[in-house]
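Heads up, the thing below is written out as C-alpha cells.
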Amino acid sequence: RPPPPPRLGSLLRRVAIRTLKSDIRLPPLEREVRSLAFTRAHALSYNEIVSHVRRSLLLADWADPSHVESLLNPRQTRLAMEAVQNLREAACVTGVYPVHCFGSEMDETVEDLVAALKRRGHGHESATARANELRYPLTVAKGRCQRCDVDAFMPLVTPCGHLLCCGCVAVVGDESGRGVSSAPQEDFLHETRAPVRCPVCASPFKMQAPDPRLDNPAPRQAVPQDLIEIQPSYVQLPWKMVDALEAQGDSTKVEYLLARLRELGAAPLERDEGAGDGDDAGELERLAIWSRRGSGPPPKCIVYSGFRTHLDVIDLALSGAKVNFANIARIGMSRWDKDRALASFRADPDVSVLLLDRAAAEGLDLSFVQRVFVAEPLDNASLEQQVVSRAHRMGQRGTVRVEILAMRGTAEETLLDVQAELAAAAHAAAEESRARK
Numbered sequence: 003r004p005p006p007p008p009r010l011g012s013l014l015r016r017v018a019i020r021t022l023k024s025d026i027r028l029p030p031l032e033r034e035v036r037s038l039a040f041t042r043a044h045a046l047s048y049n050e051i052v053s054h055v056r057r058s059l060l061l062a063d064w065a066d067p068s069h070v071e072s073l074l075n076p077r078q079t080r081l082a083m084e085a086v087q088n089l090r091e092a093a094c095v096t097g098v099y100p101v102h103c104f105g106s107e108m109d110e111t112v113e114d115l116v117a118a119l120k121r122r123g124h125g126h127e128s129a130t131a132r133a134n135e136l137r138y139p140l141t142v143a144k145g146r147c148q149r150c151d152v153d154a155f156m157p158l159v160t161p162c163g164h165l166l167c168c169g170c171v172a173v174v175g176d177e178s179g180r181g182v183s184s185a186p187q188e189d190f191l192h193e194t195r196a197p198v199r200c201p202v203c204a205s206p207f208k209m210q211a212p213d214p215r216l217d218n219p220a221p222r223q224a225v226p227q228d229l230i231e232i233q234p235s236y237v238q239l240p241w242k243m244v245d246a247l248e249a250q251g252d253s254t255k256v257e258y259l260l261a262r263l264r265e266l267g268a269a270p271l272e273r274d275e276g277a278g279d280g281d282d283a284g285e286l287e288r289l290a291i292w293s294r295r296g297s298g299p300p301p302k303c304i305v306y307s308g309f310r311t312h313l314d315v316i317d318l319a320l321s322g323a324k325v326n327f328a329n330i331a332r333i334g335m336s337r338w339d340k341d342r343a344l345a346s347f348r349a350d351p352d353v354s355v356l357l358l359d360r361a362a363a364e365g366l367d368l369s370f371v372q373r374v375f376v377a378e379p380l381d382n383a384s385l386e387q388q389v390v391s392r393a394h395r396m397g398q399r400g401t402v403r404v405e406i407l408a409m410r411g412t413a414e415e416t417l418l419d420v421q422a423e424l425a426a427a428a429h430a431a432a433e434e435s436r437a438r439k
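Residue numbering for the sequence shown follows my numbering, starting at 3 and increasing by one per position.
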C-alpha cells in the first residue's frame with residue numbers, strides 16, 4: 003500500500019473543491035470621487051501651509067533639485083514626505099503652522115533692506131521708514147501682498163521694498179518692454195524660470211550666475227540672489243490642528259459627510275430654523291426621529307480616515323449632530339470595548355455609522371455594510387482596496403457604494419491623478435503580457 007501522504011493527496015484531489023478568490027462573483031462595486039470646494043476658513047488654513055512649502059522651494063534656488071536644502075533634493079526625502087503629509091492632513095482639518103522670527107534676525111533683514119533701498123536711489127530717511135513699515139508684517143509672517151492685494155502668510159520682501167505673496171513673487175514678466183506682467187499668478191510656474199525683476203515696479207534683481215557652489219553643486223539657472231538673501235529666517239514649528247471643537251465647524255469634509263448621512267437617513271435632520279424653544283421634550287423627540295427614505299432602516303455606513311486628527315473631528319461632529327454611531331478607532335479602547343461597539347453597529351438598526359482607522363479595519367467582516375466613505379485619498383491603492391473589502395466581500399448581497407472625499411485643487415487631487423496613471427500603466431502592462439501568451 004502507498005504511504006499515507008500520497009493516499010491523502012489522491013483522496014483530496016477526488017473530493018476537494020478548489021475555488022480561487024478571482025472566481026468569486028461579488029455584487030457590483032461603485033466607486034466615486036467627490037471633489038469638494040473649501041469653506042473660507044478651511045481654505046485660509048490650507049493656503050498657509052501651501053505658502054510655507056512654496057516659500058521653501060523658492061528660497062532653495064527657485065525649486066532647484068540640486069540645492070542641498072531643496073525639498074526636491076533626493077537627500078531631503080524625509081522632509082519632503084513630511085511636507086506632503088502635512089498638506090494632506092491640512093486638506094482634512096484646519097490647522098496652523100506656528101513660526102517665530104528672532105529680533106536679531108529681523109534687525110539684520112531691516113538693515114539689509116535699508117542698504118538695498120539706498121542703492122536704488124532712496125534717501126536714508128525714506129529707506130529707513132519703508133523698512134520699518136515692513137518690520138511688523140515680516141515679524142508676524144503675515145501681510146498684504148502689494149500685487150494681488152490679498153492677505154499673505156509668510157510673505158517675501160523684495161530689495162525694492164515691496165511685500166509679495168509667494169505666488170506673485172514668482173511671476174516672470176515679459177522681457178520686452180517694462181517687464182511687468184498683469185497675468186494672474188496661476189498662469190506661471192515658479193519652477194520654470196526665476197524672475198529677473200520685481201513684478202510690481204520692474205526694478206531688476208541682482209542675478210547669481212549658475213556657477214557651482216557649496217550649497218548647489220549644479221545650479222539649473224541664474225537666480226535673484228538679493229531677493230533670496232534678504233529674506234528673514236523663521237523658526238518653523240510643526241504643523242498642528244487647531245482645537246478640535248473649532249476644527250469641526252471649519253472642516254469642509256465634515257460638513258459634506260453630515261449632509262450625506264442626513265440624505266441617507268443615517269443622521270437626524272437639523273433643527274428647523276423657525277422652530278420655537280417651547281416643548282423641549284417634543285423637540286428632542288423630533289430630533290431623534292431618523293429622516294429615512296421609505297420605511298426600512300438606514301444603510302450601514304463605514305467612515306474611514308488615516309489621520310487621527312480627522313477621526314477626532316468627525317467623532318465630535320457626529321456626536322454634536324446626535325448621530326448614533328460606533329467608533330472602534332479611539333485611543334485607549336480595550337478589546338472588550340471594541341467588540342461591544344462593533345456588536346452594537348452590527349445588531350442595532352439605529353447605529354448606522356462606524357468609524358475606522360487602519361489598525362481597526364484589519365480582519366473585519368462587514369459584509370452587511372452598503373456605504374463606504376473614505377475621508378481622504380489614500381497614498382496606497384492597496385490600502386483602499388483593503389478598506390473597501392471590509393464590506394465588498396463574500397456574504398455581501400447588495401451593491402457597495404464607495405465615496406472618496408478629495409479637496410479640489412489640492413495635493414489630494416494630485417495624488418489621485420498619480421494613482422490613476424499608475425493603475426493605467428499596470429493595466430496596460432497586464433494586457434500586453436496577456437496578449438503575448
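Heads up, the beta-carbon is just placed ideally off N, CA and C, and yes, glycines get one too.
Because the structure is a prediction, the values reported are computed rather than measured.
* Put R399 into one of helix, strand or coil per three-state DSSP. => The DSSP-derived three-state label of R399 is coil.
* Asked: In whole angstroms, what separates the C-alpha of A383 from that of D350?
  -> Each residue's Cα considered, the two are about 32 angstroms apart.
* Which residues in the same chain have their Cβ closer than 8 angstroms to the Cβ of Y258, if we skip the five residues on either side of it in sequence? -> Hits under 8 angstroms: R36, L38, L407.
* Beta-carbon gap between R403 and E32 smaller than 8 angstroms -> The Cβ-Cβ distance between R403 and E32 falls below 8 angstroms.
* **Cα-Cα separation between L158 and L136, rounded to whole angstroms** => Cα to Cα, the separation comes out at about 10 angstroms.
* Helix, strand or coil for N382, going by three-state DSSP, please let me know. => N382 falls in the coil class under three-state DSSP.
* To do: Would you check if the region 297-312 and the region 363-374 touch, i.e. whether three or more CB-CB distances between them fall below 8 angstroms?
  => Segments in contact, yes.
* For Q210, which of helix, strand or coil comes out of DSSP? -> Note: Q210 maps to strand in three-state DSSP.
* Give me whichever residues DSSP pairs with R146 in a beta bridge. => Note: R146 sits in a beta bridge opposite D153.
* For P219, does the three-state DSSP call read helix, strand or coil? -> If DSSP states are grouped into helix, strand and coil, P219 belongs with coil.
* Asked: Can you name, in chain order, every residue of its own chain whose Cβ lies under 6 angstroms from the Cβ of A62, other than the five neighbours on each side?
  -> Once the five neighbours on either side are set aside, the close Cβ partners of A62 are H69, E71, S72.
* Asked: Is it buried or exposed for M83, if we count other Cβ within 10 angstroms and need 16 for buried?
  -> Classification of M83: exposed, given that the 10 Å Cβ count is below 16.
* Asked: Cβ of S369 within 8 angstroms of Cβ of Q398?
  -> Going by C-beta atoms, S369 is nearer than 8 angstroms to Q398.
* To do: List the endpoints of the continuous beta strand (DSSP E) containing R15.
  => Run containing R15: none in the beta strand (DSSP E); it sits in the alpha helix (DSSP H), 6-17.
* Figure out for me which residue from L74, M156, R77 has the closest Cα to the Cα of Y138. => Ranking the options by Cα distance to Y138, first place goes to M156.
* **Residue environment, F347, which counts as buried when at least 16 other CB atoms sit within 10 Å** => Within a 10 Å sphere around the beta-carbon of F347 sit 16 or more other beta-carbons, which makes this residue buried.
* To do: Flag this pair as yes or no: are the beta carbons of V237 and V95 separated by less than 8 angstroms?
  => The answer is no: Cβ separation not under 8 angstroms.
* Report the rounded CA-to-CA distance for G169 versus R199, giving the unit in angstroms. => The alpha-carbon atoms of G169 and R199 are separated by roughly 15 angstroms.
* C-beta contact flag for H164 and V202 at 8 angstroms -> Yes, Cβ-Cβ distance for H164 and V202 is below 8 angstroms.
* **Alpha-carbon spacing of F40 relative to T254, whole angstroms** => Rounded to whole angstroms, F40 to T254 spans 6 angstroms at the Cα level.
* **Outcome for H44 when other beta-carbon atoms lying within 10 angstroms are tallied against a minimum of 16** => A buried status is given to H44, since no fewer than 16 other beta-carbon atoms sit within 10 Å of its beta-carbon.
* May I ask you to report which of helix, strand or coil DSSP gives Q168? => At residue 168 the sequence reads Cys, which differs from the Gln that was named. The answer is helix: DSSP assigns C168 an H, G or I state.
* To do: Look up E405 in the DSSP assignment and say whether it is helix, strand or coil.
  => Of the three classes helix, strand and coil, the one that applies to E405 here is strand, per DSSP.
* **Start-to-end residues for the alpha helix (DSSP H) that takes in E257** => Residues 254-266.
* Asked: With Q388 and A363 assumed to form a contact (beta carbons below 8 angstroms), what rounded beta-carbon distance in angstroms separates them?
  -> The beta carbons of Q388 and A363 sit about 7 angstroms from each other, so the pair counts as a contact at 8 angstroms.
* Asked: Can you tell which of D419, T111, T401, G105 has the C-alpha that lies nearest to the C-alpha of D228?
  -> Closest option to D228, Cα to Cα, is T111.
* Can you have a look at D1 and say buried or exposed, based on whether 16 or more other CB atoms are within 10 angstroms of its CB? => This structure cannot speak to residue 1, because the chain is shown only from 3 to 439.
* **Outcome for P221 when other beta-carbon atoms lying within 10 angstroms are tallied against a minimum of 16** => Classification of P221: buried, given that the 10 Å Cβ count is 16 or more.
* To do: Compute the beta-carbon to beta-carbon distance between L366 and R392, rounded to the nearest angstrom, for a pair I have assumed lies under 8 angstroms.
  => Confirmed, about 5 angstroms.
* Asked: In terms of residues, what are the limits of the beta strand (DSSP E) holding I304?
  -> Per DSSP, I304 belongs to the beta strand (DSSP E) from 303-306.
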